[in-house]
Amino acid sequence: MSEAVVLGAGIAGLWTAAVLVDRGHRVVVRTAAAPERTYSAAAACVITPLLPWDPTHPKFLEAWGWYRRTISKFRQIDAAMDLGSKFLELMPSYECGFESGGVRYLEKGFSTSRFQHLPFTQLDEIELNPPVTVRNHVGDYHQCTFSASFNADYCNTEVFLDWLYRYLLSRGVSFVLSPVRSLKELLSLEQGLVFNCLGIDSATIFPDSSLYAVRGQSMFVDDPSPQPPYFGVASGHHAVFKHRRGYYIGSYFIEDESRDRSLPSRVEYELSLEFAQSSYGELCERLGLVARAPDLNRIRRVNTGLRPYRPEGPRIEVDEPLLAFGSGSKRIVHHYGHGAHGWTIGYATAEDCVNLAEVRGWLPYVRRH
Ligand SMILES: Cc1cc2nc3c(=O)[nH]c(=O)nc-3n(C[C@H](O)[C@H](O)[C@H](O)COP(=O)(O)OP(=O)(O)OC[C@H]3O[C@@H](n4cnc5c(N)ncnc54)[C@H](O)[C@@H]3O)c2cc1C
């Protein structure tokens, strides 16, 4: 019998299963959807530690540590791969911003000064004169007067999730494709230890009034003969990443759209296409970047993802009330609520929640040589 069940097969659940199996534990993953159909597969996976903004914030050091450990794990996996199969691509990124009241913004609310404390964001600012007009949303235009460039690690989410899934299968992890419908059903599972990695759906079983969803839409576009250089160009809610497998077109967060609707929206789709076909080319030209517009006949997938936000950051803790309140021998460790940073910090948070179970004595200690 498996010692632990992991609920969810997004990036949080798969990393949790990987940490468990790598430490010698037997694990089963129970999920409503296969990895490639999770919200994690809709993400761009740009590994950038942008949270919290204030370096003196008590959580800053913790978040920075999570990022450092997660990126090290990606690099460690990459070190064993062939050159052409490596997951991380160091991606020059150009964020085209606008000015308001004498302040330079990359996006609404994100002034350039908020990035200065992060070592990777030694923002290199390029002036755009005359400005480039970008349509952010219906009736909402902005004038890009500058572009800030920085390097970010990009990973193709579909490709990496598939690799991690296959790795887990090769290590004996089994997957059960079936939703858990209630706490009662959960408490009747045969495994005593449960890792809750249900993302935004966690609240359907474990009520959490602080958890809310922020939608984002994305498209994967194939390119049969991708040519370097590879880079990302973004402005407002829109971005195009030209990477070595094709294009990723993101429409990150659009105001006035229902935040928790998980179906693709026509307006976001059309605005994304408009950005990819017009503003993207103009911005590339002005930045001296060689790019051809993505071939929109080759759109392979359009996804909408719901980011699981918690103002306090991810919940990595034992469910003490449930433990005290007659959950029998069931021990639940929560691992959800990564907001826009599940890819950036997910491996380290998975390690932390497995550590929690270990120090409680809920996992047999496996001696490693
Ligand atoms: C458009 C977009 C762009 C993003 N870009 C980035 C980025 O650049 N960098 C970054 O770090 N992060 C990014 N994110 C955020 C990141 O994707 C999330 O933080 C991450 O996907 C959360 O992962 P998760 O495993 O917690 O949730 P999910 O991927 O949602 O996985 C939840 C799992 O739970 C399962 N489940 C749900 N209900 C049940 C049930 N009742 N029973 C059993 N299983 C169930 C689901 O099937 C799924 O397997 C982006 C997100 C979006 C949407």
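The sequence shown begins at 36 in my numbering and counts up by one. The C-beta atom is built at its ideal place from N, Cα and C for all residues, glycine as well. All of these numbers come straight from a predicted model, not from anything done at the bench.
Self-check item: Backbone CA spacing between Val173 and Asn332 [nearest angstrom]
Solution: Going by the C-alpha atoms only, they are around 24 Å apart.
Quiz item: Exposed or buried, which one is Gly137 when buried takes at least 16 other CB atoms within 10 Å?
Solution: With fewer than 16 other Cβ atoms within 10 Å, it is exposed.
Practice problem: Tell me, please, whether the region 309-322 touches the region 160-169 by the rule of three or more beta-carbon pairs shorter than 8 Å. | Solution: The region 309-322 is in contact with the region 160-169.
Quiz item: Cβ of Pro84 versus every heavy atom of ligand 1: is any distance shorter than 6 Å?
Solution: It does not: the Cβ of Pro84 is nowhere closer than 6 Å to a heavy atom of ligand 1.
Quiz item: What do you reckon, are the CB atoms on Thr73 and Ala385 nearer than 7 Å?
Solution: By the CB criterion at 7 Å, Thr73 and Ala385 fall outside the cutoff.
Quiz item: Does the beta-carbon of Lys219 have 16 or more other beta-carbons within 10 angstroms, so that it is buried, or is it exposed?
Solution: Classification of Lys219: exposed, given that the 10 Å Cβ count is below 16.
Quiz item: Should Ala326 and Lys365 be called a contact, given that it needs their Cβ atoms to be closer than 7 Å?
Solution: Cβ distance not < 7 Å, so Ala326 and Lys365 don't count as in contact.
Practice problem: Express the C-alpha separation of Leu212 and Ser205 in angstroms, rounding to a whole number. | Solution: Taking the straight line from one Cα to the other gives about 18 Å.
Quiz item: Over what stretch of residues does the alpha helix (DSSP H) that includes Ile240 continue unbroken?
Solution: Taken as a continuous stretch (DSSP letters only), the alpha helix (DSSP H) holding Ile240 covers 237-240.
Exercise. Would you check if the distance between the CB atom of Ala235 and the CB atom of Leu341 is smaller than 7 Å?
Key: Reading off the sequence, residue 235 comes out as Ile, not Ala. Contact flag set, yes.
Self-check item: the region 343-363 / the region 55-73 touching (three or more Cβ pairs under 8 Å)
Solution: Output reads no: the region 55-73 does not touch the region 343-363.
Quiz item: Straight-line CA distance for Phe310 to Val268?
Solution: So the two alpha carbons sit approximately 10 Å from each other.
Self-check item: Local conformation of Gln226 per DSSP, three classes
Solution: Correct three-state label for Gln226: coil.
Quiz item: Excluding five sequence neighbours on each side, which residues of the same chain lie with their C-beta closer than 8 Å to the C-beta of Cys179?
Solution: Around Cys179: Cys131, Gly132, Phe133, Leu163, Pro166, Val167, Thr168, Val169, Ser270, Leu318.
Practice problem: Whole angstroms is fine: what's the gap from Ile334's alpha carbon to Asp257's? | Solution: Taking the straight line joining both Cα atoms gives about 6 Å.
Quiz item: Is there contact here, the region 371-384 with the region 93-112, by at least three beta-carbon pairs under 8 Å?
Solution: Taking one beta carbon from each stretch, the region 371-384 and the region 93-112 have 3 or more pairs nearer than 8 Å; the two touch.
Self-check item: Nearest neighbour of Pro127, chosen from Met116, Trp397, Ala183, Ser300 [CA to CA]
Solution: Comparing Cα positions, the closest option is Ala183.
Quiz item: Is the closest heavy atom of ligand 1 to the C-beta of Ala47 under 6 Å?
Solution: Within the chosen limit of 6 Å, ligand 1 reaches the beta carbon of Ala47 through at least one heavy atom.
Quiz item: Looking only at C-alpha atoms, which of Val401, Ala39, Ala47 sits nearest to Leu199?
Solution: Taking only the C-alpha atoms, the option nearest Leu199 is Ala47.
Quiz item: What does DSSP give as the partner residues of Val337 in its beta bridges?
Solution: According to DSSP, which records beta bridges pairwise, Val337 is partnered with Met254.
Quiz prompt | Closest by C-alpha distance to Ala248, when choosing among Thr339, Trp378, Glu38, Asp354 | solution = Here the closest residue by C-alpha is Thr339.
Quiz item: Where does Cys80 sit, in a helix, a strand or coil, going by DSSP?
Solution: Collapsing the DSSP output to three states places Cys80 in coil.
Quiz item: By Cβ distance, which residues of its chain are closer than 6 Å to Ser253, with the 5 residues on each side in sequence left out?
Solution: Excluding sequence neighbours, Ser253 sits near Ala77, Gly285, Asn338.
Quiz item: DSSP on Arg342, reduced to helix/strand/coil?
Solution: Taken through DSSP and simplified to helix, strand or coil, Arg342 comes out as strand.
Quiz item: Going by Cα to Cα distance, which pick from Val63, Phe181, Trp99 is closest to Arg139?
Solution: Nearest of Val63, Phe181, Trp99 to Arg139, Cα basis: Phe181.
Quiz item: Could you check where the alpha helix (DSSP H) with Tyr304 kicks off and where it finishes?
Solution: Its alpha helix (DSSP H) spans residues 301-309.
Exercise. Name, in chain order, the residues that DSSP records as bridge partners for Tyr382.
Key: Residue pairing by DSSP leaves Tyr382 without any beta bridge partner.
Practice problem: Could you spell out where the alpha helix (DSSP H) holding Glu97 opens and where it closes? | Solution: Glu97 -> alpha helix (DSSP H) spans 95-114.
Quiz item: Near Pro84, which residues of its chain fall below 7 Å by C-beta distance, leaving aside the five closest residues on each side in sequence?
Solution: Excluding sequence neighbours, Pro84 sits near Ala98, Trp99, Tyr102, Leu153, Thr379.
Quiz item: Where does Tyr21 land, buried or exposed, given buried means 16+ other C-beta within 10 angstroms?
Solution: Only positions 36 to 404 of the chain appear in this structure, which leaves residue 21 out of reach.
Self-check item: Separation of Tyr176 from Gln111, as counted between CA atoms
Solution: Each residue's Cα considered, the two are about 43 Å apart.
Quiz item: Is Leu125 buried or exposed, if buried means 16 or more other CB atoms sit within 10 Å of its CB?
Solution: Around the CB of Leu125, fewer than 16 other CB atoms lie within 10 Å, so the residue is classed as exposed.
Exercise. Please list, in chain order, all residues of the same chain as Cys80 whose beta carbon is under 6 Å from its beta carbon, the five residues on each side excluded.
Key: Scanning its chain for C-beta atoms nearer than 6 Å, with the 5 sequence neighbours on each side dropped, one finds around Cys80 the residues Cys190, Thr192, Trp378, in chain order.
Quiz item: How would you label Gln226, buried or exposed, when you count the other beta carbons within 10 angstroms and need 16 or more for buried?
Solution: Buried: at least 16 other Cβ atoms inside 10 Å.
Exercise. Verify the contact flag: Leu233, CB atom, against every heavy atom of ligand 1, threshold strictly below 6 Å.
Key: Answer for Leu233: yes, Cβ within range of ligand 1.
Quiz prompt | Pick from Val302, Cys232, Ser217, Leu298 that is closest to His272, judged by C-alpha positions | solution = Closest in alpha carbon position to His272, among Val302, Cys232, Ser217, Leu298, is Val302.
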